Amino acid sequence: MKVRTMRHIEVLGFDCPACNKTFRRIDETARELGLDIRLEKVAEPARLLGYQVLRPPAVAIDGRLVHSGGVPSHRQIEAWLQPAQGDSHAG
(Lines of atoms letter the chains of each structure in order from A and count residues from 1; the text may use other names and numbers.)
(Lines give C-alpha, C1' and ligand atoms only; values in the text may rest on other atoms or scores of the structure.)
Protein backbone atom coordinates (compact mmCIF):
# COMPACT_ATOMS: atom_id res chain seq x y z
CA MET A 1 0.00 0.00 0.00
CA LYS A 2 1.37 3.40 -0.97
CA VAL A 3 1.53 6.13 1.63
CA ARG A 4 0.22 9.42 0.28
CA THR A 5 0.75 12.83 1.75
CA MET A 6 -2.50 14.56 2.70
CA ARG A 7 -3.21 17.30 0.18
CA HIS A 8 -4.40 20.73 1.34
CA ILE A 9 -7.11 21.96 -1.01
CA GLU A 10 -8.63 25.43 -0.89
CA VAL A 11 -11.79 26.40 -2.74
CA LEU A 12 -11.38 30.12 -3.31
CA GLY A 13 -14.51 32.21 -3.72
CA PHE A 14 -17.53 33.54 -1.98
CA ASP A 15 -20.72 31.79 -0.92
CA CYS A 16 -21.97 31.27 -4.46
CA PRO A 17 -23.64 28.17 -5.97
CA ALA A 18 -20.62 27.41 -8.19
CA CYS A 19 -18.22 27.71 -5.23
CA ASN A 20 -20.37 25.40 -3.10
CA LYS A 21 -20.71 22.89 -5.95
CA THR A 22 -16.93 22.93 -6.46
CA PHE A 23 -16.38 22.24 -2.75
CA ARG A 24 -18.87 19.33 -2.77
CA ARG A 25 -17.46 17.87 -5.99
CA ILE A 26 -13.90 17.88 -4.64
CA ASP A 27 -15.06 16.26 -1.40
CA GLU A 28 -17.05 13.59 -3.28
CA THR A 29 -14.21 12.84 -5.68
CA ALA A 30 -11.66 12.48 -2.87
CA ARG A 31 -14.00 10.10 -1.04
CA GLU A 32 -14.54 8.03 -4.20
CA LEU A 33 -10.75 7.76 -4.58
CA GLY A 34 -10.34 6.87 -0.90
CA LEU A 35 -8.13 9.90 -0.24
CA ASP A 36 -7.83 11.91 2.95
CA ILE A 37 -7.64 15.59 2.09
CA ARG A 38 -7.76 18.81 4.05
CA LEU A 39 -10.46 20.81 2.28
CA GLU A 40 -11.39 24.37 3.16
CA LYS A 41 -13.43 27.22 1.76
CA VAL A 42 -11.60 30.53 1.50
CA ALA A 43 -13.60 33.75 1.11
CA GLU A 44 -11.26 36.35 2.60
CA PRO A 45 -10.54 38.95 -0.11
CA ALA A 46 -6.87 39.25 0.90
CA ARG A 47 -6.30 35.52 0.41
CA LEU A 48 -8.10 35.53 -2.94
CA LEU A 49 -5.92 38.44 -4.05
CA GLY A 50 -2.85 36.56 -2.85
CA TYR A 51 -3.69 33.83 -5.35
CA GLN A 52 -4.62 36.46 -7.97
CA VAL A 53 -8.11 34.98 -8.34
CA LEU A 54 -10.04 36.99 -10.89
CA ARG A 55 -12.88 34.52 -11.54
CA PRO A 56 -14.14 32.36 -8.70
CA PRO A 57 -14.51 29.60 -7.98
CA ALA A 58 -10.82 28.85 -7.99
CA VAL A 59 -8.94 25.91 -6.53
CA ALA A 60 -5.50 25.85 -4.93
CA ILE A 61 -3.74 22.63 -3.99
CA ASP A 62 -0.85 22.75 -1.56
CA GLY A 63 -0.55 26.50 -2.09
CA ARG A 64 -0.61 26.40 -5.91
CA LEU A 65 -3.52 27.72 -7.99
CA VAL A 66 -4.70 24.95 -10.34
CA HIS A 67 -8.09 26.25 -11.52
CA SER A 68 -10.05 29.47 -11.86
CA GLY A 69 -13.52 30.18 -13.22
CA GLY A 70 -16.28 27.59 -13.36
CA VAL A 71 -16.93 24.27 -11.68
CA PRO A 72 -14.22 21.69 -12.43
CA SER A 73 -15.19 18.25 -13.72
CA HIS A 74 -14.67 15.03 -11.75
CA ARG A 75 -11.97 14.09 -14.27
CA GLN A 76 -10.07 17.35 -13.65
CA ILE A 77 -10.28 16.86 -9.90
CA GLU A 78 -9.10 13.24 -10.16
CA ALA A 79 -6.07 14.41 -12.14
CA TRP A 80 -5.23 17.03 -9.49
CA LEU A 81 -5.51 14.51 -6.66
CA GLN A 82 -3.23 11.90 -8.19
CA PRO A 83 0.24 11.60 -6.66
CA ALA A 84 2.48 14.45 -7.80
CA GLN A 85 4.06 13.05 -10.98
CA GLY A 86 4.75 15.84 -13.43
CA ASP A 87 2.14 17.84 -11.54
CA SER A 88 1.17 20.38 -14.23
CA HIS A 89 -2.62 20.29 -14.34
CA ALA A 90 -4.28 23.66 -14.79
CA GLY A 91 -7.94 24.21 -15.45
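Going by the UniProt record's numbering, the residue at position 22 of the sequence shown is 22; the numbering climbs one at a time, nothing skipped.
Backbone N, C-alpha and C fix where the C-beta goes; we use that ideal spot for every residue, glycine too.
Please read these numbers as outputs of a predicted model, since none were measured by experiment.
Distances from the CA of G50 to each of E10, C16, E32 were compared; the closest alpha carbon is that of E10. As the crow flies, the alpha-carbon of V42 is around 10 Å from that of P57. If only uninterrupted beta strand (DSSP E) runs of at least 3 residues are considered, those enclosed by the UniProt domain "Thioredoxin-like fold" (8-82) are 37-42, 58-61, 64-68.
Annotation for L48: L12, G13, V42, P56, A58 place their beta carbon closer than 8 Å to its own, counting only its chain and skipping 5 residues before and after.
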